[in-house]
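Chemist: Protein chains in written order, with the numbering used here: chain H, 1 to 168; chain X, 1001 to 1168.
The beta carbon of each residue, even a glycine, is placed where N, CA and C say it ideally should be.
One structure is given below, represented as structure tokens, and several questions about it will come after.
There are 2 protein chains.
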Amino acid sequence: MGATRARERDDDGRADVRWLDEKQQWAWRRFLEGTSRFFEALGDAHDEGLPVTLGEYHLLVQLSEAPGRTLRMSALADFLALSRSRLTHTVDRMERRGLVVRTPVPGDRRGVNCVMTDAGFAALVDAAPGHVTAVRRLLVDALTDEELATLGRAMAKVADAARGPVES
Amino acid sequence: MGATRARERDDDGRADVRWLDEKQQWAWRRFLEGTSRFFEALGDAHDEGLPVTLGEYHLLVQLSEAPGRTLRMSALADFLALSRSRLTHTVDRMERRGLVVRTPVPGDRRGVNCVMTDAGFAALVDAAPGHVTAVRRLLVDALTDEELATLGRAMAKVADAARGPVES
DNA sequence: CCAAGATAGTTGATGAATCAACTATCGTCA
DNA sequence: TGACGATAGTTGATTCATCAACTATCTTGG
């Protein structure tokens, strides 16, 4: 529900949709194109030269910051905004390559911990310079400090807007 | 080259990587999480209730604004920042559903035009209210006018940064 | 005019994402 | 205690994206 709501336009016309004005449309399209090109370019930077993909990199970053370099699957899924299923498959692949291992969660026999191995940490260390350099070139250094700060604030709001209203 | 460059750290250490400071890192992570959640939520809004996926919607929008509701495959790929291959497959699927048709390009026998059908236009009209409502809720109405404007300007710069520096 | 290279688009194989269905464990309330 | 719903995670089928290889046409320099 929610986003689906505005679709009851069949009974008596287009209803009360508030379209975007020029400026809004412009900003929205810039956002769309910018994110698309940004993530494509960043992904390319990882594919050609770095030992882990962008998604794997973010997963390793989360683990590297967790106590014991360990995080439950569910916590990892939340942090990375990934579906459980997708995380399972991703961790499968990374485990095969020896970057992480699965261990049982002590207190809860349903739970599975994902633990970064030394090889995983090495891969992270290996990838970090190229990653950061790319993020800098594509985002941080492309903007003024104010723009970057505003971007951060704005995207925090957007994340909130997207996180909450699944229901209601 | 370029993003790949910073990976020659094997000979004498970490080299001269400029890491991100606190604020930069914060902004970057907000950007990452925000975009991720935004596109997931917007995609969901399309999946549950709207007749076309988000990607198909954008394709139809481009066609709807082109003269004759027609665009060459290559132009479409550029506008949408899609690979040729991906566009071919996407148009395959849409053509099977009758949303677009392929026709030869008059002057150039290599070329293929993608033409929106009436059914395609109807699907666009059908999807538009729900789409716009979702974009509003998730982005436009979540921000102040200034934030949105700055976001647009910033992302235009990001798009530039990502578009150019493939080479060099 | 023609050979070489560029451009346009497709194809099919491989790998990744998604979805629904499933097992297992946990928590709680009667 | 034991039944029921919620939570944790996996599985396998399907759908989609990606990549390299390929055909066909066009363009340009000699």
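Given Asn-113 (chain H), which residues of its chain have a CB within under 8 angstroms of its CB, disregarding the five upstream and five downstream residues?
Modeler: Thr-70, Leu-71, Arg-72, Met-73, Arg-102, Thr-103, Pro-104 and Val-105
Chemist: Does any residue of chain H have a CB that is nearer than 9 angstroms to the CB of Arg-1084 (chain X)?
Modeler: no
Chemist: Using a threshold of 8 angstroms, is the CB atom of Ser-1036 (chain X) nearer than that to any non-hydrogen atom of the ligand PLP?
Modeler: Ligands in the displayed structure: none, and consequently the ligand PLP is not present.
Chemist: Does the separation of the CB atoms of Leu-99 (chain H) and Ala-119 (chain H) fall below 9 angstroms?
Modeler: yes
Chemist: Under the DSSP definition of a beta bridge, which residues are partnered with Pro-1104 (chain X)?
Modeler: X:Val-1112
Chemist: Given a cut-off of 9 angstroms, decide if Leu-124 (chain H) and Val-61 (chain H) are closer than it, judged by their beta-carbon atoms.
Modeler: yes
Chemist: According to DSSP, is Arg-137 (chain H) part of a helix, a strand, or is it coil?
Modeler: Here Arg-137 (chain H) carries a helix assignment [DSSP, helix/strand/coil].
Chemist: Could you spell out the range, first to last residue, of the beta strand (DSSP E) harbouring Thr-1070 (chain X)?
Modeler: Element bounds for Thr-1070 (chain X): 1070–1072.
Chemist: Is it buried or exposed, His-89 (chain H), if we count other Cβ atoms within 10 angstroms and call 16 or more buried?
Modeler: Exposed: under 16 other Cβ atoms inside 10 Å.
Chemist: Checking contacts by CB at 9 angstroms: is Gly-68 (chain H) closer than that to chain X?
Modeler: no
Chemist: Got a sec: is the Cβ-Cβ distance from Phe-1121 (chain X) to anything in chain H below 9 angstroms?
Modeler: no
Chemist: Nearest-angstrom Cα distance between His-58 (chain H) and Ala-1127 (chain X)?
Modeler: 34 angstroms
Chemist: Can you name, in chain order, every residue of its own chain whose Cβ lies under 8 angstroms from the Cβ of Asp-84 (chain H), other than the five neighbours on each side?
Modeler: Looking at the sequence provided, one finds Arg at residue 84 (chain H) rather than Asp. Taken in chain order, the residues that qualify are Met-73, Ser-74 and Ala-77.
Chemist: Out of H:Asp-47, H:Leu-82, H:Ser-64 and H:Glu-40, which has the shortest C-alpha to C-alpha gap to Glu-1033 (chain X)?
Modeler: H:Leu-82
Chemist: So what's Arg-84 (chain H) in DSSP terms, helix, strand or just coil?
Modeler: helix
Chemist: Could you tell me if Pro-67 (chain H) is buried or exposed, where buried requires 16 or more neighbouring beta carbons within 10 angstroms of its beta carbon?
Modeler: With a threshold of 16 other beta carbon atoms within 10 Å, Pro-67 (chain H) falls short and is exposed.
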